[in-house]
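Visitor: Have a look at this one before I ask anything.
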Amino acid sequence: MAIITSVALALLAQGPVEAVPGPQAGYDVGYEELVANDNRAARQAIENCDELAAADPARLINHGIALARMGDYDAARTEFEAAAGARDSVELETAAGDWVDSRRLARKALAMLDKGEFARYYALSLR
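For the sequence shown, the positions run 222 to 348 when this note's numbering is used.
Put into C-alpha cells, the structure is as follows:
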C-alpha cells in the first residue's frame with residue numbers, strides 16, 4: 222500500500238524532469254532550485270535537509286535529478302535505483318496534477334538517464 226505524501230515531483234511523460242512544490246511540504250527537497258535550474262544549490266538544499274530520511278523517495282529522486290543535471294550520472298543512477306527498488310512506495314504529485322508511484326517516477330528517471338536526456342541540462346550548466 223502506497224503512502225501518500227504532499228511532496229511533489231514531476232517526470233513529464235515526454236519531456237524533461239521538473240519539480241513542483243507540495244502544497245504542505247515543510248521541508249526542502251530542492252524544488253525552488255530545480256525549477257530555477259540551479260542544480261548545485263538544489264543539491265546543497267537536499268543534502269542539508271534533516272527533516273527527510275536519506276532513503277525518502279522524494280529526496281532520492283530530486284537529488285538524482287540535480288546530480289544528473291550536473292553530469293554526475295553514476296551518482297544519479299544510484300539515487301534513482303534506490304528509489305526504484307524501495308520496499309515501500311510513496312505517491313508523488315506530478316506537474317500535471319497526477320499522483321504517481323515513486324518507484325514509477327524513479328524508473329522514468331532511469332530511462333531518461335539511459336537515453337541521455339539529462340545531458341542537455343549538463344551542457345547548459347557549462348555555458
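Ideal placement from N, C-alpha and C gives every residue a C-beta, glycine not left out. All values reported here derive from a predicted model rather than from experimental measurement.
If you count every other CB in all the chains shown that lies within 10 Å of the CB of Asp335, and 16 or more means buried, which is it?
Guide: Classification for Asp335: exposed.
Visitor: Determine the direct distance from the alpha carbon of Asp319 to that of Ala287, and round the result to whole angstroms.
Guide: Cα-Cα distance, rounded: 22 Å.
Visitor: Hey, how far is the Cα of Ser310 from the Cα of Asp277?
Guide: Distance between the alpha carbons of Ser310 and Asp277: 9 Å.
Visitor: So, with DSSP's three-state summary, where would you put Glu273?
Guide: In the sequence as presented, Glu is not what sits at residue 273; that position holds Leu. It is coil, neither helix nor strand.
Visitor: Do you know how far the Cα of Gly285 is from the Cα of Arg341?
Guide: One C-alpha to the other measures close to 15 Å.
Visitor: With burial defined as no fewer than 16 other Cβ atoms inside 10 Å of the residue's Cβ, what is the status of Val256: buried or exposed?
Guide: Classification of Val256: exposed, given that the 10 Å Cβ count is below 16.
Visitor: With DSSP collapsed to three states, give me the class of Val256.
Guide: If DSSP states are grouped into helix, strand and coil, Val256 belongs with the helices.
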